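Q:
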Amino acid sequence: MKLAPRLALLLAAAVVTATACAPQTSDDSSSGKDEKSGTLRVWLFQEVNNKPKEKVVDAVLAGFEKAHEDTEVTVEYIPVETRAQRIKAAFNDPASAPDVIEYGNTDTAGYVKDGGLLDVTEEFAAWDEAKDTDATARQSVTVDGKVYGAPYFVGVRALYYRTDVFDELGLKPPKSMDELAATAKRIRAEKPDLYGIAVGGAYTYGAMPFIWANGGELATSKGGSYASAIDSAAAREGIEAYTSLFGDDNCPAAKCAGMGGNDTVTAFASGKAAMAIGGDFSHQAVEAGEVKGAYAVVPLPGVEPGSIAPAFAGGNNIGVLRSTSHRTLAVDLMKRLASKEAQDDLFGAMGFLPTFTDVRQRVAAEEPFVKPFVDTLAAGTKFVPASAAWATIDSSQVLPTMFQEVVSGKKDVGAAAGDAAKKMDDAFGSAG
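Throughout the sequence shown, residue numbering follows my numbering, covering 1 to 432 in sequence.
1) Suppose you measure from the CA of Asp34 to the CA of Arg327; what does that come to, to the nearest Å?
2) Glu405: buried (16+ other C-beta within 10 angstroms of its C-beta) or exposed?
3) Within the continuous beta strand (DSSP E) that includes Ala90, where are the two ends?
4) Which residues bound the beta strand (DSSP E) around Leu159?
5) Which first and last residues belong to the alpha helix (DSSP H) in which Met275 is found?
6) Can you tell me whether Thr381 is buried or exposed? The criterion is at least 16 other CB atoms within 10 Å of its CB, across all chains shown.
7) Considering Val73, what are the terminal residues of the beta strand (DSSP E) in which it resides?
8) Quick check: what's the CA-CA separation for Asp280 versus Arg86?
9) Is Lys382 helix, strand or coil when you go by DSSP?
10) Sort out for me which residues DSSP pairs Asn316 with in a bridge.
11) Less than 8 Å separating the beta-carbons of Ala420 and Val398?
12) Enumerate in chain order the residues of its own chain whose CB-to-CB distance from Lys113 is below 6 Å, with the five nearest sequence positions on each side excluded.
13) State the beta-bridge partners of Arg41 as determined by DSSP.
14) Provide the residue(s) that pair with Lys36 in DSSP beta bridges, ordered along the chain.
15) Please list, in chain order, all residues of the same chain as Ala296 whose beta carbon is under 8 Å from its beta carbon, the five residues on each side excluded.
16) How should Ser323 be labelled, buried or exposed, when 16 other C-beta atoms within 10 angstroms of its C-beta is the threshold for buried?
17) What are the start and end residues of the beta strand (DSSP E) that includes Ala296?
18) On the premise that Ala253 lies in contact with Gly247, defined as a C-beta separation below 8 Å, what is that separation, rounded to the nearest angstrom?
19) Which residues in the same chain as Lys411 place their Cβ atom closer than 8 Å to its Cβ, once the five residues preceding and following it in sequence are excluded?
20) How should Asn49 be labelled, buried or exposed, when 16 other C-beta atoms within 10 angstroms of its C-beta is the threshold for buried?
21) Along the chain, where does the beta strand (DSSP E) that runs through Thr328 open and close?
22) Can you tell me where the beta strand (DSSP E) holding Thr220 begins and where it ends?
Below, the structure is given as structure tokens:
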């Protein structure tokens, strides 16, 4: 397999990985039917360069239709930006709804609360390939112990760094978070036209590893719901570690406080930063930038020297709608679309990392660039709370507001974290 088509994935894919929507519905009843023939409708996400994805999907559909006589499948590729409205309408109008959908993995809990996704716990358990699904990917389709889909691909972030700058200054990739901060500040001192590491006050998924690496959590499970843990002592240490990177000695708050993930990767790709936290899905943007041929990637280091900071495991899943009248066929199609073979092919076509550990190790051996991301996944990743409240917390910018209040000097870490915790608890309480 060649590298270029494999990595035909732009930063727009990160939006899918890192956002969630949980539409409210009025009709979430199951059809109770299980027809063994007819037409199945599928909604998948439209990618920036969708042709390679279509080719992989078409091959899956050909095998499915060959295995099931008198059955055909129609696929519609829907825009990521309008998926919330489309899926809400589907939940409310089963007659026009698809049987199978692709959805962002942070959407799971919200869609389950809305009653839109089919419980496929038994089918998933009986699926031979499922045993090789990595733990965090499995968690992304699980709510209250029940499974509501199959993981489709995973996205994870690591540390990009400029090899030319590091060679010139005699630096080595940092082995701990303290070394990361010290290295960033030395680069800034030696090369004041560069950010040592580009960080963003609105980069939630780049900041989370600092919280987790310091032993903090976003929230803890409490009586079937969640309670915020963002103001715990360990979480505050992580917040302090991340926000300490904002300042004239690295990434000035006036310029960096409002930056999101795409902005930080753009700063790195354009040659304005010596380091940045970017995803496997950021590679094409960096390759198209000024630093092409002069960078490398390593896992983001943790607190202890030689450790790897836990990263957020984003990605997408494939699920079946409760309203389907073709349960058996739809579940079979879900498994085929998310199978090892299909995920391997999708990696070759789009660069999406497989959710099966054995497949992922194989593609990493074939493609060296993937190794730091696979190593990050293997070291252990984290996920957002499996609550419908996360959509509210995320869209309300609760965590970015907290970071920005700290880096702007409006509040200290304790006050900002305390306010964020209250907002999170209000959202968890409203979600039930």
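No residue lacks a Cβ here, since even glycine has one placed at the ideal position from N, Cα and C.
Being a predicted model, the structure only gives us computed values, none of them experimental.
A: Looking at the coordinates:
1) In the sequence shown, residue 34 corresponds to position 34, counting from 1. In the sequence shown, residue 327 corresponds to position 327, counting from 1. Cα to Cα, Asp34 sits roughly 5 Å from Arg327.
2) Position 405 of the sequence shown holds residue 405. When all chains shown are included, Glu405 counts as buried.
3) Along the sequence shown, read from residue 1 onward, the residue named residue 90 stands at position 90. Counting along the chain, Ala90 falls outside any beta strand (DSSP E), though it belongs to the alpha helix (DSSP H) covering Arg83 to Asn92.
4) Taking the sequence shown and counting its residues from 1, one reaches residue 159 at position 159. Looking at the DSSP string, the run of the beta strand (DSSP E) that includes Leu159 is Arg157 to Arg162.
5) Within the sequence shown, the letter at position 275 stands for residue 275. It is not in any alpha helix (DSSP H) - Met275 instead sits in the beta strand (DSSP E) that spans Met275 to Gly279.
6) In the sequence shown, counting from the first residue as 1, residue 381 sits at position 381. Label assigned to Thr381: buried.
7) Translated into the one-based positions of the sequence shown, residue 73 becomes position 73. Looking at the DSSP string, the run of the beta strand (DSSP E) that includes Val73 is Thr71 to Ile78.
8) If you number the sequence shown from 1, residue 280 lands on position 280. If you number the sequence shown from 1, residue 86 lands on position 86. Between the C-alpha atoms of Asp280 and Arg86 there is a straight-line separation of about 28 Å.
9) Taking the first residue of the sequence shown as position 1, residue 382 is located at position 382. Lys382 falls in the strand class under three-state DSSP.
10) As a working mapping, residue 316 is identified with position 316 in the sequence shown. DSSP output for Asn316 lists Gly104 and Phe153 as bridge partner(s).
11) The residue given as residue 420 occupies position 420 in the sequence shown. The residue given as residue 398 occupies position 398 in the sequence shown. Against a cut-off of 8 Å, the Cβ pair of Val398 and Ala420 comes out as a contact.
12) As a first step, residue 113 is located in the sequence shown; it is residue number 113 there, counting from the start. So the qualifying residues of the chain are Ala388.
13) Counting from 1 along the sequence shown, the entry for residue 41 is found at position 41. Answer by DSSP bridge pairing, in chain order: Thr74.
14) On the sequence shown, position 36 is the one that residue 36 refers to. As far as DSSP is concerned, Lys36 takes part in no beta bridge.
15) The sequence position of residue 296 within the sequence shown is 296, counting from 1. So the list reads Tyr160, Tyr161, Thr163 and Pro173, once near-sequence residues are dropped.
16) Here residue 323 is taken as the residue at index 323 of the sequence shown, counted from 1. It is buried - the Cβ of Ser323 has at least 16 other Cβ atoms within 10 Å.
17) Working through the sequence shown from its first residue, we reach residue 296 at position 296. Ala296 -> beta strand (DSSP E) spans Tyr295 to Val298.
18) Position 247 of the sequence shown, counting from 1, holds the residue named residue 247. Position 253 of the sequence shown, counting from 1, holds the residue named residue 253. Taking a contact as a CB-CB distance under 8 Å, the pair Gly247 and Ala253 counts as one, their CB atoms being some 6 Å apart.
19) Residue mapping note: residue 411 aligns to position 411 of the sequence shown, counting from 1. Only Glu405 and Asp419 meet the Cβ criterion.
20) Locating residue 49 in the sequence shown gives position 49, counting from the first residue. The residue is exposed, with fewer than 16 neighbouring Cβ atoms inside 10 Å.
21) On the sequence shown, position 328 is the one that residue 328 refers to. No beta strand (DSSP E) contains Thr328, which is instead part of the alpha helix (DSSP H) from Arg327 to Leu337.
22) Walking along the sequence shown from the start, residue 220 turns up at place 220. DSSP places Thr220 inside the beta strand (DSSP E), whose first and last residues are Ala219 to Lys222.
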